[in-house]
Amino acid sequence: MEGNLRILVTGGRRLEGQVKISGAKNAALPILAATILSNDSITLRNIPVLRDVDTMLSVLNTLGIKVKKERNGEIYIDPSNLKYFEAPYELVKSMRASILVMGALLSKLKKARVALPGGCAIGPRPIDLHLEGLKRFGAKIDLEKGYIEAETHGLKGCYIHLEYPSVGATENLMMAATLAEGETIIDGAAKEPEIVDLACFLNKMGARISGHGTDRIRIEGVKELRGTIYKIIPDRIEAGTYVIAAAITKGDVTVSEMNPSHLWAVTTKLREAGVWIEEGESEVRARVLEKLRPVDVKTLPYPGFPTDMQAQFMALMAITPGRSIITETVFKNRFMHVDELNRMGAVIKKDGNFALIDGVESLSGAEVCATDLRASACLILAGLAAKGDTFVSGICHLDRGYERMEKKLAQIGAKIERIE
Ligand code: UD1
733 MEGNLRILVT GGRRLEGQVK ISGAKNAALP ILAATILSND SITLRNIPVL RDVDTMLSVL
793 NTLGIKVKKE RNGEIYIDPS NLKYFEAPYE LVKSMRASIL VMGALLSKLK KARVALPGGC
853 AIGPRPIDLH LEGLKRFGAK IDLEKGYIEA ETHGLKGCYI HLEYPSVGAT ENLMMAATLA
913 EGETIIDGAA KEPEIVDLAC FLNKMGARIS GHGTDRIRIE GVKELRGTIY KIIPDRIEAG
973 TYVIAAAITK GDVTVSEMNP SHLWAVTTKL REAGVWIEEG ESEVRARVLE KLRPVDVKTL
1033 PYPGFPTDMQ AQFMALMAIT PGRSIITETV FKNRFMHVDE LNRMGAVIKK DGNFALIDGV
1093 ESLSGAEVCA TDLRASACLI LAGLAAKGDT FVSGICHLDR GYERMEKKLA QIGAKIERIE
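Below is the structure:
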């Protein structure tokens, strides 16, 4: 049973070698949703093998879209039979990002019925910005029996100002705008590399989007989108996690097939902490050559420090003697890993959206439980540095977003295995 699976990490090994980074989960999910908009088939490359990707493929299947995983890791998608417009509760509940099909469905089929995502482990995550934005296109939106029901006679381009640069809302609205009539401007848009990747994919299908990567995205609606072949960007969060694995084990690891500029907020902080970072064109080498120092971190929308790296960075600060403060501004309740780190001997106090970390010389292995995706990576990193054995349960979260993590870590010298 998947629920009984645990990861056993025996700490104390210095990691050394090279790790290849997979395609970005957070680029793959919206790009898969965007295939709804196409008239012909699409081939996607560098799609990571992850549970969240499988969930999105199931959502596409329920809409009538044919999906085929090729042997070389590519995914072939044929949306010509798209006819259903409902993303059911079973799927949305297991992955909130299922709501990313809403904008595309509304644009293509003029109708969408998507289950309301509930709360999740990292706190309440409203979707008001998605819905308010879709209303600006003239869509009629109702909430019925736990479902969002959206309808339109044809979306009309509009001006949208996002009060907060929500990644998902920017993506949903960008997809809605591609087939809308006339011009749409999204002001206050998110600037994440995954937004840029989605826009590049849509443009390759024939969309007319400009300004992606800035806070003002302009979309000129087109009549239809055509098939294409597209390779998605590397996963910057996976890359950052392995860079921290090098730092936390005082090792020497080259993280390759990634984009170093996407990770600058993280590598800047690691340099401040004393980690030796060398950047190549598509790789980062991380080494520890001196005693590390505590540094403060505040999570922010891109290009700020990513909330998806907060838990992993906290694991590193937990074993860096001295006081550091981590401020979480994106998801205010994203501190579930704190109590688990403390069970391993860390000294961390939560105070609202601050975590005060008094770094210790070493952690000790323990039985801990991961409650979300990045928390699971954080606990594995802590286990790599701890004395003795750490058993991490809640591994289903890890498999949502890290491709073969224990295999990749074992390749660079970690003692780690999956056990019943
Ligand atoms: C995406 C990422 C997730 C990452 C997050 C922030 C995917 C699949 N997931 O999630 O890994 O942690 O960006 O970088 O790409 N908010 C509202 N109203 C809304 C939408 C969001 O208040 O309508 C709030 C959220 O509650 C949260 C903040 O805005 O506090 C950021 O959320 P958002 O940027 O939308 O994150 P996601 O797209 O859900």
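Heads up: the sequence shown begins at 733 in this note's numbering, then just goes up one per residue. Each residue gets a CB set at the ideal place from its N, CA and C atoms; glycine is no exception.
A756 has its alpha-carbon roughly 24 Å from the corresponding atom of R950. In chain order, N771 place their CB closer than 6 Å to the CB of E956, counting only its own chain and leaving out the 5 sequence neighbours on each side. Separation of R1017 and A977 (C-alpha to C-alpha, rounded to the nearest whole angstrom) is 12 Å. The beta carbon of H862 sits closer than 8 Å to those of I831, M834, G835, S898, G900, A901, N904 and L905, all from its chain and outside the five residues before and after it, given in chain order. In this structure, S1108 has its CB at a distance of at least 8 Å from all heavy atoms of the ligand UD1. Collapsing the DSSP output to three states places I768 in a helix. C-alpha of T916 to C-alpha of S839: approximately 13 Å in a straight line. Residue side-chain check: A829 places its Cβ nearer than 8 Å to a non-hydrogen atom of the ligand UD1.
Shortest Cα-Cα distance from T767 to any of R783, L792 and V781 involves L792.
In the structure shown, the three-state DSSP call for C1101 is strand. The beta carbon of P858 sits closer than 8 Å to at least one heavy atom of the ligand UD1.
Remark: C-beta atoms of T981 and R1136 do not approach each other more closely than 9 Å. For L737 against R1150, the beta-carbon gap comes to about 6 Å, under 8 Å, which counts as contact.
Apart from the 5 residues on each side of it in sequence, M827 sits with its Cβ closer than 6 Å to the Cβ of D784 and T787 in its chain, given in chain order. I892 sits buried, since 16 or more C-beta atoms from the chains shown fall within 10 Å of its C-beta. A contact is defined here as three or more CB-CB pairs under 8 Å, and the region 906–925 fails this definition with respect to the region 801–811. Inclusion of Q750 and I1057 in the CB contact set at 9 Å is not warranted, their separation being larger than that value. Taking the Cα positions, L841 is about 7 Å away from F817. If the five residues before and after Y1034 are omitted, its C-beta is found closer than 6 Å to the C-beta atoms of K923 and E924, all from its own chain and listed in chain order.
For secondary structure counted as the alpha helix (DSSP H) over 4 or more consecutive residues, the region 857–906 holds these complete runs in sequence order: 860–868.
Close CB contacts of L789 within its chain, under the 6 Å cut and outside five residues either way in sequence, are with V799 (chain order). Its Cα nearest to that of G938, the residue T910 stands out among T910, L1032 and A971. Note that the C-beta distance between G1077 and S1096 is below 9 Å.
By the Cβ criterion, the region 1118–1137 is not in contact with the region 979–999, since fewer than three pairs of Cβ atoms, one from each stretch, lie closer than 8 Å. In this structure, the ligand UD1 has a non-hydrogen atom nearer than 8 Å to the beta-carbon of S898.
In summary, I969 is buried, with 16 or more beta-carbon neighbours lying within 10 Å of its beta-carbon over all protein chains present. The shortest CA-to-CA distance from M1041 to any of T1059, S754 and M907 is the one to T1059.
At a Cβ-Cβ threshold of 9 Å, L823 and G865 do not count as neighbours.
Distances taken from the Cβ of T1039 to the heavy atoms of the ligand UD1 include one shorter than 8 Å.
Excluding the 5 residues flanking it on each side, G1006 has same chain C-beta neighbours closer than 6 Å at E1022, L1024 and R1025, in chain order. The Cβ-Cβ distance between K752 and S988 falls below 9 Å. Residue environment analysis places I1112 among the buried positions, since at least 16 neighbouring C-beta atoms fall within 10 angstroms of its C-beta. Proximity to G953 across T742, L934 and L764 peaks at L934, based on C-alpha coordinates.
Closest in alpha carbon position to A765, among A882, A908 and L782, is A908. Shown here for R845: same chain residues with a beta carbon closer than 8 Å to its own, the five before and five after excluded, namely F817, E818, A819, Y879, I880, E881 and A882 in chain order. Under the three-state reduction of DSSP, F1063 is assigned to coil, being neither helix nor strand.
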